[in-house]
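Residue numbers (our numbering): 1 to 1141.
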C-alpha cells in the first residue's frame, strides 16, 4: 500500500448505505446522496457506527448478484460522511449505515472481526441486537461488551429481520443461507452431525447462477435447529482415565498376581507384564492415532475399526469385542464371589450357602449380576459416580498393602506360618526363578500363565468404548488411555515384586508347625498357603486385612461395571449401523428414555454374562477372553498399519507418537499369542470373526465410511492403470470394452443386459446418456445416482456417464474421446437400432448416422443391436421424473413368482407398483438388506386392470437375462473385420445363459467353383481360432438378383426419401449393386435364421461421401426387419483373434 493510500485510510472515512423504501412508503426520491436530500423527503435516518479498527476490507458497491430482490441499490447509495467529534475523540473512526427512521426497529452493533468477509456484503452474523436506543451515545468500551459472544450458536435478529424483509432482504438465523451472500469459513459449515448438514454455506449454483426470485425450496429450513444429543458427558479423567484404571485394576491384581509370581518367578513375571504392557501400549498408540484423525462417534473400538477397515472387519470385531466385554464382566464377578467366599470363611465362622464351592459362587454371582445390572440401568451418570467411590477404595487398599509389606509380619505367628516373612534378600533369590507346577490338574507354563494374566490389561479400551459419552473423545482417549496404562503397569510390577520379596511359595499355615520350624516343609506336611496356593496373599501382606477385601471388591465390581456398560453401548452402535439382520443385532439397539439407553442390550448382556458366571471357574473364563481381546488388539493395530501404509489424503492424525511398523509387529504378536495360549480357542475365535465377516460381506450393506480399504482399492487401481499404459497392446489380450448408448439404463434394459453379457468379468462397460438440454449439477447427480442404483440392483458391474447440451453425434464424439482412462477406454460403440428412422426429424436421423461415422472416425468398432419389439421401454416401464423405476423391482420378480403390477397411465406417464404398497416396501427393504438375486423365471407383468402384458414384450425385456434352454446363435461373417464378428458371439456362447445354444457360422463364397475347399479352409481357420461351432455353411448364391417382392418391399421403405436432398436418385443408382446384395441377404436370412435366438452379422460399411443416412438405414432395416434379436457389428479392421499361443 502506498503512502498516500495509507494516509487516506487513517483519515476520517465511513460508508453510508441508502435503501429505497417499498411502494408503501412515500415515493420521493430517497437515493440522492447527501444528508439534505433525505431531510427533504421527510425520512429520518438511523446510523450504524462501526469502529474503523474493526474493518479489514473495503465495502464495495453492490453488484447484481448481491442485491436482494425488492431492493434497488445504486453506486450513488454509497457515500462518505464525517462522524461527530465524540467518536473522533474516542479514537475510533466510524462507518455509518443509514436506514429510514420510520422503519427502525432496533439498533445494530458493530460486527466482529471474523464476520466481515473481504470485498463482499456482510451476512447476518455481522449484526447483533441491543436494546439501547442510540449507539452514538454508548462509549466504545461498552459497545464491545454488548457484542453477543454466542452468536455462532444463536442468531436472534428479531425485529431487524422483519424490518429488512419489508425492503426485500431476508436474513436467516443461520448465517448466509441467502443465494446472494458468501460466508466465511467456520465449523458450522463442515458439521455433519447424525447426517444433518449445516445449511450455512451457499451451494455453487447459489453463487454462480443468476439471481432468481424463486425461493430455494431445496434448502433446509434456516430456523431448523441441528439436533444436539442429550445426556451426561464426561471429561478425560472421569470418562477415560478413571474408567481404564478401574478396569485394569481388576480381580487379577488382588487374586492372581501373587499366583503368577509363584509360578513364573519375579523376572518372568516382569516379562509377562512387559509383554502385556507393550501390546496394550502399542494398541493405545494405534487407537490414539485413529481417534485423533477426526471426530469419532459412539462405539469406540468398533467405530474406529469399522471406519478404517470397513464394515466387514469392523462389524465382526465389534461383535466379538462386545461379547468379550460381557465375558470380562463375568470374570470379575466370579473373582468377586471368590473373595466373598474367603470373607465368609475367615470372618463368618466358615459359613457356606450350599457347598462352599462352585454352587455358592453361582448363587452369589447371580445376585451380584442383578445388582450390577440395576446400577447400570440407572444411567452412565450414576455408574460414573460409583466408579469414583470405588477408585478411592482401591487407592486406599493399595496403600494399605504397601504399608503392610513395610511393616512385615511383626510378632504375628499366624502370618509367618502362612509364609509371610517380610522383605528378605534370600527370599527374593528364591522367588526370582520360575517354579511351574501342576494347578487344577494342568501343568502350567509361561503361556498358560500369560493367558491368565493378560485379561488384566484388556481394560485399556473401556474409556474408548463409551466415546459417545465423552465431551471431547479425540483428546480424552489418547491422554486417559496412555496414562492409565503407565500407572497400572507400574503398580502391577511393584505388587509382583513385593509379593515375591515378602512371601514364600508354599507354607502349611499351622502355628504349631511354625513353632516347630516345619511350616515350610511341604513334603511331610500339606501346604495350603503361600503364593502357590493362597489367592488372598495380598490380604495377608496388607496392614489391615479387611481393607484389602474392600479393595478387592472395589476392583472386581468396578471392572465388572465398566465392562457391563461397554457391551450394550457397542451393540447399540452396531445396531444403528444396520450391518447385520435386525433379528441378529438390530433388535438390541433400540434406545429408551432421555439418554437413549439400550435396555434390550442391557438385558442381553445380563443373560450372556450370567451364563459365564455359572461356569464359576476364573481361569477358564480368563482363557476365553484372552483370545477375544488379542484378536481385537490385532485388528486395531493392523488397521493403523493399513491406513498408514495406504496414506489416504484424509489421514492426518494430530497424535504423532505412533509407528506403523510397530503397529504391524504388535498385530503379529497378538496373533501368535492367540495360538500359543490355546490353539483350539484361537481357531474358534477366528471362526467367529469369519462368520460375522461373511454375514456383512454377503449382505453388502450400503454404507460409505471412507475406509482405508476403499483408499487401497483406489490406489491399487490407479497403480494398475498407470502400469497398463506402458504395456503394448497384444491381440491375445484383446478385451471388448463397450460404450453403450443406453440413455438411462432403466429405459433400455435389454441393451444394458446384452452389453454386460459380453463384458461380464471380461472388460469395462460404460453406459452413456446423451441429453440435448442443460442439466444442473444437482440434476446430473440425481440421474447418475439412479443409474448406478439400477446397475447395483441388477448386479451389473458397469459405469455410467452423462453428457448434456450436445446432440447425439457431438455426445458420441466427446464420449469416445474422453470416456475411460489409459487403456481402460472403450473400443466398441454399441447403439440401439433407430426404429423411427422413417418418421423422425431429418436432423435426428442425420445425427444418428453421424454417430456411426464418428465411431469409425475414431477407429473403434461399431455395433447396432435390434430386438423385435425395440429397445426403448421408457414410456412403458419407467417414469424418469419419478424416483422409482419398475426395473428396480425386476429383482423382486427374480425371487418371486407372485404377480406384479404395472399400472399404466397414458396421460401422466407410467405409475409403477409391485403388488400392494406395503409388500413393495417390504420387498425393497429385503433387497437392500440381502442384495440377493436369482435368475428371472417367467415374470408376470400386468397392467392396472390385471391384464398381463404380451409375452413377447416381457421376453424382449428379459431376453439377455433369461436362460436359453435351447436354440441357435447364427453368425454371418460376411467380411473380414479383424474377427470381431466371430468373437462376440463366441463370448456370448460361453455364458451360462446361452451355453445350451448351438453356434452356426455362415460365410460367403468367393467364387462359384471349388466350394468344398473354401468350406474346408474356413473350418481350418475356425479350428485355429479354437472356436466351437455346430455347423458351417458357405453361401454360394449371394450374387443372385433379389426377388421382385423383396424389391417392392424395399422401394416402400425409401419412397418418402427418393428424389429429395437426403436420397438423390444418383445415389440410389450408384448403390444399386450393394442394395441388391443386401436384399438377397435378407432372403437368405429369412431362409436360414428366422427361427434363431440371436443373429450376428457384419455391419455394412458406410463410405463417406457415397451413401446418405436414409439409404444406409434402409439397408439395416432390410437386414434386420422382422428378425430375432439382431446384432450388426463391424470391427476396426484390426485383428482380435489369433491362432498363436
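Just so you know, even glycine gets a beta-carbon here, dropped at the ideal spot from N, CA and C. Predicted model, so just to flag it, every value in this text is computed and none were measured.
Nearest-angstrom beta carbon gap, residue j and residue i [assumed within contact, 8 Å]
i: residue 245; j: residue 391; result: 7 Å
i: residue 805; j: residue 774; result: 5 Å
i: residue 802; j: residue 769; result: 5 Å
i: residue 1094; j: residue 1127; result: 7 Å
i: residue 736; j: residue 763; result: 6 Å
i: residue 449; j: residue 263; result: 5 Å
i: residue 574; j: residue 585; result: 6 Å
Bridge-paired residues (DSSP) for residue i
i: residue 767; result: 740 and 800
i: residue 998; result: 968
i: residue 1071; result: Residue 1071 pairs with nothing; no bridge assigned.
i: residue 597; result: 592
i: residue 1031; result: 1000
i: residue 866; result: 1126
i: residue 442; result: 439
i: residue 529; result: 507
i: residue 1113; result: Residue 1113 pairs with nothing; no bridge assigned.
i: residue 849; result: None, per the DSSP bridge assignment.
i: residue 282; result: According to DSSP, residue 282 bridges with nothing at all.
i: residue 832; result: 865
i: residue 234; result: 470
i: residue 1094; result: 969
Minimum C-alpha distance to residue i - residue among the options
i: residue 1181; options: 1028, 563, 1034 and 994; result: Any question about residue 1181 goes unanswered here, given that the chain covers just 1 to 1141.
i: residue 684; options: 712, 626 and 733; result: 626
i: residue 418; options: 815, 513 and 1128; result: 513
i: residue 475; options: 742, 763, 241 and 1057; result: 241
i: residue 837; options: 1015, 964, 1031 and 1054; result: 1054
i: residue 504; options: 1064, 265 and 466; result: 265
i: residue 723; options: 651, 759 and 821; result: 821
i: residue 339; options: 396, 499 and 547; result: 547
i: residue 611; options: 327, 294, 538 and 993; result: 327
i: residue 315; options: 578, 239 and 790; result: 578
i: residue 365; options: 858, 617 and 1133; result: 617
i: residue 461; options: 484, 848, 545 and 752; result: 484
i: residue 1147; options: 977, 698, 1051 and 1056; result: Residue 1147 lies beyond the residue range present for the chain, which begins at 1 and ends at 1141; the question has no answer from this structure.
i: residue 615; options: 1132, 243 and 332; result: 332
Cβ-Cβ distance between residue i and residue j below 8 Å
i: residue 458; j: residue 284; result: no
i: residue 407; j: residue 551; result: no
i: residue 273; j: residue 493; result: yes
i: residue 319; j: residue 606; result: no
i: residue 974; j: residue 1097; result: yes
i: residue 400; j: residue 261; result: no
i: residue 621; j: residue 330; result: yes
i: residue 445; j: residue 453; result: no
i: residue 636; j: residue 286; result: yes
i: residue 645; j: residue 282; result: no
i: residue 986; j: residue 1027; result: yes
i: residue 447; j: residue 677; result: yes
i: residue 233; j: residue 470; result: yes
i: residue 511; j: residue 413; result: yes
i: residue 202; j: residue 182; result: yes
i: residue 336; j: residue 292; result: no
i: residue 561; j: residue 386; result: yes
i: residue 556; j: residue 250; result: yes
The stretch 1019–1029 touching the stretch 947–962, judged by at least three CB pairs closer than 8 Å: no
query: Between the stretch 825–845 and the stretch 769–789, do three or more beta carbon pairs fall short of 8 Å?
result: no
- request: Would you check if the stretch 711–728 and the stretch 791–798 touch, i.e. whether three or more CB-CB distances between them fall below 8 Å?
  value: no
query: How about the stretch 579–592 and the stretch 345–360: do they share at least three Cβ pairs that are nearer than 8 Å?
result: no
task: Could you tell me whether the stretch 655–673 touches the stretch 634–646, where touching means 3 or more Cβ pairs closer than 8 Å?
output: yes
query: Would you call the stretch 1105–1122 and the stretch 1058–1072 in contact, with 3 or more CB pairs under 8 Å?
result: yes
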